[in-house]
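There are 2 protein chains.
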Amino acid sequence: MSDHRAIQSDQLDAVSDPAASKARLRLWLKLLKATKHVEGELRESFRTDFDTTLPRFDVMAALDRVEAGLKMSELSSVLRVSNGNVTGIVDRLVDDGVLVRVPVDHDRRATTVRLTRAGKEQFAAMAAKHEAWIDEMLGAVDASEIQAMSDQLERIASKRNKKDT
Amino acid sequence: MSDHRAIQSDQLDAVSDPAASKARLRLWLKLLKATKHVEGELRESFRTDFDTTLPRFDVMAALDRVEAGLKMSELSSVLRVSNGNVTGIVDRLVDDGVLVRVPVDHDRRATTVRLTRAGKEQFAAMAAKHEAWIDEMLGAVDASEIQAMSDQLERIASKRNKKDT
DNA sequence: CATAAACATTTTATGCTTGAAATATCTGAC
DNA sequence: GTCAGATATTTCAAGCATAAAATGTTTATG
Numbered sequence: 175m176s177d178h179r180a181i182q183s184d185q186l187d188a189v190s191d192p193a194a195s196k197a198r199l200r201l202w203l204k205l206l207k208a209t210k211h212v213e214g215e216l217r218e219s220f221r222t223d224f225d226t227t228l229p230r231f232d233v234m235a236a237l238d239r240v241e242a243g244l245k246m247s248e249l250s251s252v253l254r255v256s257n258g259n260v261t262g263i264v265d266r267l268v269d270d271g272v273l274v275r276v277p278v279d280h281d282r283r284a285t286t287v288r289l290t291r292a293g294k295e296q297f298a299a300m301a302a303k304h305e306a307w308i309d310e311m312l313g314a315v316d317a318s319e320i321q322a323m324s325d326q327l328e329r330i331a332s333k334r335n336k337k338d339t
Numbered sequence: 175m176s177d178h179r180a181i182q183s184d185q186l187d188a189v190s191d192p193a194a195s196k197a198r199l200r201l202w203l204k205l206l207k208a209t210k211h212v213e214g215e216l217r218e219s220f221r222t223d224f225d226t227t228l229p230r231f232d233v234m235a236a237l238d239r240v241e242a243g244l245k246m247s248e249l250s251s252v253l254r255v256s257n258g259n260v261t262g263i264v265d266r267l268v269d270d271g272v273l274v275r276v277p278v279d280h281d282r283r284a285t286t287v288r289l290t291r292a293g294k295e296q297f298a299a300m301a302a303k304h305e306a307w308i309d310e311m312l313g314a315v316d317a318s319e320i321q322a323m324s325d326q327l328e329r330i331a332s333k334r335n336k337k338d339t
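Quick look at the structure:
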């Protein structure tokens, strides 16, 4: 492998192997492009077919998995978005009658959020379509390739900073 | 292979092979997670190191490649974001002195946008860091895997709707 | 030349996103 | 019991994103 030779600069913006680095940069741009492409198609489909958005769908998907509902903070940690962001999305979903806020016993700070019956029904319809849309857009990737790609993506997502190691 | 039996519903949300479809759905979630992870790290790094954002960097990167600058509409088409969006980002970059708007001769509708000298310098510093950040975050993917992954991502991004075919 | 259509850009309304500050409540140390 | 710190949520300010409407300019057609 590498011989650890002659890397003595402050490393602030140095890169181990320039060619590999450029290749990774191109890979990142493609990763971003593919993701944005799929996201854009989903956005449009959700809008035209259900008059809703991806973030709203994400919230509903998270809640559909847990009958008892989730606290606002749990929701924001599951979805990995900020607390304040969840507040706004949930507000609108409650207005639309697909979610309810339920006070938590013995802790007046917290609220649980749950899907209503109407919310569950709406979600089921959207989830089926969502899966079909994805299936079509990722149709170019066949079963044999999925595993390898999944592993690589997982490594990217789980990589933590050198600082934290 | 499939025997084409009994698929007689309207196909509105049917899926060819349920198992493959679920696998693709999981792959999509991982793709999204990896992309969001990298984007989030970049966002934070850009903010703390340069007090700027990814969209601003993207605009500067597009302009750095073209000495003569780009028209607003070219910029929005290169970056694949809406016209109105570009207006706001460019406004702020002009306020900060990294971009200038230059009227186009013989067409008073259009404006060209260019990096200033200060903008070019700032961009060079940011681009070096950016590459190093990506190199570190995608370090888990090695050269031998990059090609295959790139190809798959390209297929995903280029896939057009059946409608358009 | 008039004027309709096309084009380039900006404006507007709405929603998502973040980080940070504010508000309210709970818990534990004393 | 009091009160400092932790916890849960909301509010706020700023920026990014879209689609659609508005504004101004150019071009082509009669």
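Protein sequence lines, in the order shown, are assigned to chains A and B.
Count along the first sequence starting at 1, add 174, and that's the number in the numbering used here.
Count along the second sequence starting at 1, add 174, and that's the number in the numbering used here.
Ideal placement from N, C-alpha and C gives every residue a C-beta, glycine not left out.
Of the residues the options, the one placed nearest residue i, counting alpha carbons only
i: Ser250 of chain B; options: B:Thr261, B:Val315, B:Ala242; result: B:Thr261
i: Val173 of chain A; options: A:Ala301, A:Val278, A:Asp279, A:Lys245; result: Residue 173 of chain A lies beyond the residue range present for chain A, which begins at 175 and ends at 339; the question has no answer from this structure.
i: Ser332 of chain A; options: B:Ala314, B:Met323, B:Gln326; result: B:Ala314
i: His304 of chain A; options: A:Leu216, A:Lys204, A:Pro192; result: A:Leu216
i: Ile308 of chain B; options: B:Ala194, B:Ala208, B:Arg200, B:Leu199; result: B:Ala208
i: Asp223 of chain A; options: A:Ile330, A:Ala299, A:Ala322; result: A:Ala299
i: Ala194 of chain B; options: A:Gln321, A:Phe220, A:Val268, A:Gln326; result: A:Gln321
i: Lys196 of chain A; options: B:Arg239, B:Arg254, B:Ile330, B:Glu310; result: B:Glu310
Within-7 angstroms CB hit, residue i to chain A
i: Ala236 of chain B; result: no
i: Arg329 of chain B; result: yes
i: Val315 of chain B; result: yes
i: Ser195 of chain B; result: yes
i: Val233 of chain B; result: no
i: Arg217 of chain B; result: no
i: Ala208 of chain B; result: yes
i: Leu203 of chain B; result: no
i: Ser324 of chain B; result: yes
i: Leu228 of chain B; result: no
i: Leu249 of chain B; result: no
i: Leu244 of chain B; result: no
Chain B within 7 angstroms of residue i, Cβ atoms only
i: Trp307 of chain A; result: no
i: Leu199 of chain A; result: yes
i: Ser318 of chain A; result: no
i: Val240 of chain A; result: no
Bridge partners - residue i, DSSP secondary structure assignment
i: Leu244 of chain B; result: B:Val287
Beta strand (DSSP E) runs contained entirely in the segment 264-325 of chain B, provided each spans 3 or more residues: 273-277, 285-289
Chain B contacts from the segment 274-302 of chain A (Cβ-Cβ distance under 7 angstroms): Ala302
Contact set between the segment 253-271 of chain A and chain B, restricted to residues whose Cβ is under 9 angstroms from the partner: Result list: Arg254.
Within the segment 194-243 of chain B, ranges of the alpha helix (DSSP H) (whole runs, at least 4 residues): 228-238
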